[in-house]
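Taken in sequence, the protein lines are chains W and P. If you're matching positions, the first sequence starts at 1 in our numbering and goes up one per residue. If you're matching positions, the second sequence starts at 227 in our numbering and goes up one per residue. Note that beta-carbon positions come from the ideal geometry of N, C-alpha and C, so glycine has one too. Take a look at the structure set out below.
Number of protein chains: 2
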Amino acid sequence: MNKKILYVEDEVFLGKIVKETLETKGYDVLMETNGAHVINHLQRFHPDICVLDIMLPGKNGYEVAAEIRAINELLPIIFLTAKVQTEDVVKGFKTGGNDYIRKPFSIEELIVRIENLLQIKQSAPDLLEEEKIGNFLFYPTKQLLVLNENHRKLSFRESELLKFLWIHRNAIVQRRDLLNHIWGNDSFFNSRNLDVYVTKLRGYLKEDPSIEIITIKGVGYRFITG
Amino acid sequence: MNKKILYVEDEVFLGKIVKETLETKGYDVLMETNGAHVINHLQRFHPDICVLDIMLPGKNGYEVAAEIRAINELLPIIFLTAKVQTEDVVKGFKTGGNDYIRKPFSIEELIVRIENLLQIKQSAPDLLEEEKIGNFLFYPTKQLLVLNENHRKLSFRESELLKFLWIHRNAIVQRRDLLNHIWGNDSFFNSRNLDVYVTKLRGYLKEDPSIEIITIKGVGYRFITG
DNA sequence: TAGATGAAAGGTTAATTAAGGTTAAGGGCT
DNA sequence: AGCCCTTAACCTTAATTAACCTTTCATCTA
């Protein structure tokens, strides 16, 4: 069963390219040029994700997003925008967007963001019941972190964060990906939230000096394990 | 060192402009007006990316792309076209194009897409966990520089700069390559930024007089290690 | 042709801005 | 209540920008 993408774009020419490319990647794509028709499609097509151009004739992307949100709280929405003002981005998140991409974008980039929101991890190996992280033992499903006799129960977010960092250990993980994965979008409200959780994890992990969460300012983090 | 672009374009006038612009951005550009000659160039020039106009005399862009694909599965291909028919676009992607730009296009847009496609397949030569630089030990992923008992944590940019210089030690590295690698572009502002980071690194490295970052005015730097 | 001159590139240090770190105070949920 | 998440306030540090200084090199002039 292919994942379904509802793609709202008034530039027909660009739209056809994007649609066709996504289809070759194994998605079912319904393309619509008129914002006012989106709601109808939502009911019949049942998309897994929406990609909305912001500059639409008639109804703009924000309005469409708000309509979608009224019906479906969780459906991931990606905005495409030519504008670069922060206000627009903020507005995008406020009306319920999960991610945004600036035009001109490369199709590769769009695919990455789509897969990210759909949680299709290219090669994310499944975690075992028990993972050895430095001197710690981490039990992902139990949300438990053990060092020697010291058992610490992790909260859901703590555990998700550790999981994500561990899966991508020694690689740079982008803030944006963490936020999308754990909080569902990367607005700057949640952004500060991530900082708080990184601090918490660092606190837990500091007993083993061979483990470190390195900050890459403006980009994300890198989880180092000896 | 520079990335190589094979650019196939029959409009000589436009072609010259694009070629020159790309060259100022630090690419080596081979321009060809005849589609039939492309394959020869492929063997000798070994481009990192191809930019193909679709309307070519003799052999059209799709045919050329198919030929390229037969030899190299992964080489990124960008199509340029003035045609507006969708069938052409679809055809382009089916013959293995990675991206697509409609004429008239802005050169900025072309550059964005080129860089995007290059990043995807780009992977720098790997460094070891621990590299010995003069009397220092450098831990690239840990962003750590050690001299005797003296541990210095490097910031991301400091570490990236040192990595780049070390990989190209004893060779001349161009400012614009450094800028493109660390800052993503070589605009005027980042240029001064690089100066600041070079000064910082020199400060850190001055404890070992056998190491030196030599300035080559107007070109770049040379990292000397005894 | 030596030396003067000025422009351009880069060096250095400091100021500014922005990102993130830390801690603690709300606020909702069970 | 107790837990977890969020938000806010305040602090620290990295990254950027700016300002001013030095070197280099080409060109001009005596």
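Partner residues on chain P for residue i, Cβ-Cβ distance less than 8 angstroms
| i | result |
| --- | --- |
| Arg227 (chain W) | This structure leaves residue 227 (chain W) out entirely; chain W is present only between 1 and 226. |
| Lys200 (chain W) | Within 8 angstroms Cβ-Cβ: nothing; Lys200 (chain W) doesn't reach chain P, min ~21 angstroms. |
Whole-angstrom distance between residue j and residue i, CA atom to CA atom
| i | j | result |
| --- | --- | --- |
| Arg378 (chain P) | His181 (chain W) | 33 angstroms |
| Lys4 (chain W) | Phe45 (chain W) | 8 angstroms |
| Ile398 (chain P) | Arg448 (chain P) | 5 angstroms |
| Ile275 (chain P) | Lys200 (chain W) | 44 angstroms |
| Leu178 (chain W) | Ser191 (chain W) | 10 angstroms |
| Val196 (chain W) | Glu212 (chain W) | 16 angstroms |
| Leu56 (chain W) | Glu235 (chain P) | 34 angstroms |
| Gln400 (chain P) | Val445 (chain P) | 5 angstroms |
| Glu32 (chain W) | Leu6 (chain W) | 8 angstroms |
| Leu240 (chain P) | Gly26 (chain W) | 37 angstroms |
| Glu246 (chain P) | Ile337 (chain P) | 12 angstroms |
| Glu108 (chain W) | Leu344 (chain P) | 12 angstroms |
| Lys285 (chain P) | Leu301 (chain P) | 19 angstroms |
| Asn260 (chain P) | Ile280 (chain P) | 11 angstroms |
| Glu207 (chain W) | Leu137 (chain W) | 13 angstroms |
| His168 (chain W) | Pro140 (chain W) | 15 angstroms |
| Phe415 (chain P) | Arg428 (chain P) | 21 angstroms |
| Ser187 (chain W) | Phe382 (chain P) | 24 angstroms |
| Ser210 (chain W) | Asp126 (chain W) | 24 angstroms |
| Val198 (chain W) | Tyr204 (chain W) | 10 angstroms |
| Asn2 (chain W) | Leu380 (chain P) | 46 angstroms |
| Gly354 (chain P) | Glu375 (chain P) | The question names Gly, but residue 354 (chain P) is Leu in the sequence shown. Cα to Cα, Leu354 (chain P) sits roughly 21 angstroms from Glu375 (chain P). |
| Thr250 (chain P) | Val264 (chain P) | 23 angstroms |
| Asn361 (chain P) | Asn396 (chain P) | 17 angstroms |
| Glu73 (chain W) | Arg113 (chain W) | 19 angstroms |
| Ala296 (chain P) | Pro47 (chain W) | 36 angstroms |
| Thr81 (chain W) | Arg402 (chain P) | 30 angstroms |
Endpoints, the beta strand (DSSP E) within which residue i is located
| i | result |
| --- | --- |
| Ile5 (chain W) | 4–8 |
| Val277 (chain P) | 275–279 |
| Val219 (chain W) | Run containing Val219 (chain W): none; DSSP gives neither H nor E here. |
| Lys132 (chain W) | 131–133 |
| Thr33 (chain W) | That residue, Thr33 (chain W), is in no beta strand (DSSP E); it is neither H nor E in DSSP. |
Presumed contact (8 angstroms Cβ cut-off) between residue i and residue j, rounded CB distance
| i | j | result |
| --- | --- | --- |
| Ile133 (chain W) | Thr215 (chain W) | Ile133 (chain W) to Thr215 (chain W), Cβ: 19 angstroms. No contact. |
| Ile78 (chain W) | Tyr100 (chain W) | 7 angstroms |
| Glu231 (chain W) | Trp166 (chain W) | Residue 231 (chain W) lies beyond the residue range present for chain W, which begins at 1 and ends at 226; the question has no answer from this structure. |
| Ile68 (chain W) | Leu42 (chain W) | 6 angstroms |
| Leu278 (chain P) | Ala262 (chain P) | Not really, about 13 angstroms apart at Cβ, beyond 8 angstroms. |
| Asn193 (chain W) | Asn98 (chain W) | Contact flag wrong, Cβ pair sits at about 15 angstroms. |
| Leu22 (chain W) | Val12 (chain W) | 15 angstroms between Cβ atoms; not a contact. |
Chain W contact residues for residue i, given Cβ-Cβ distances below 7 angstroms
| i | result |
| --- | --- |
| Tyr326 (chain P) | Ile17 |
For residue i, the first and last residue of its enclosing alpha helix (DSSP H)
| i | result |
| --- | --- |
| Asp208 (chain W) | Taken as a continuous stretch (DSSP letters only), Asp208 (chain W) belongs to no alpha helix (DSSP H), as it is neither H nor E. |
| Tyr288 (chain P) | 287–297 |
| Asp177 (chain W) | 175–182 |
| Gly226 (chain W) | No alpha helix (DSSP H) contains Gly226 (chain W), which DSSP labels as neither H nor E. |
| Lys153 (chain W) | No alpha helix (DSSP H) holds Lys153 (chain W); the beta strand (DSSP E) holding it covers 150–153. |
| Leu387 (chain P) | 382–393 |
| Thr367 (chain P) | Segment: none, Thr367 (chain P) is in no alpha helix (DSSP H) and carries neither H nor E. |
Chain P residues whose Cβ lies nearer than 7 angstroms to that of residue i
| i | result |
| --- | --- |
| Asn170 (chain W) | Thr367 |
| Lys206 (chain W) | The contacting residues do not exist; Lys206 (chain W) stays about 15 angstroms from chain P at best. |
| Ile107 (chain W) | Asp325 |
| Lys217 (chain W) | Phe382 |
| Ile214 (chain W) | Gln369 |
> Between the stretch 139–146 of chain W and the stretch 158–171 of chain W, do at least 3 Cβ pairs fall closer than 8 angstroms?
Replying inline: They touch, by the three-pair rule.
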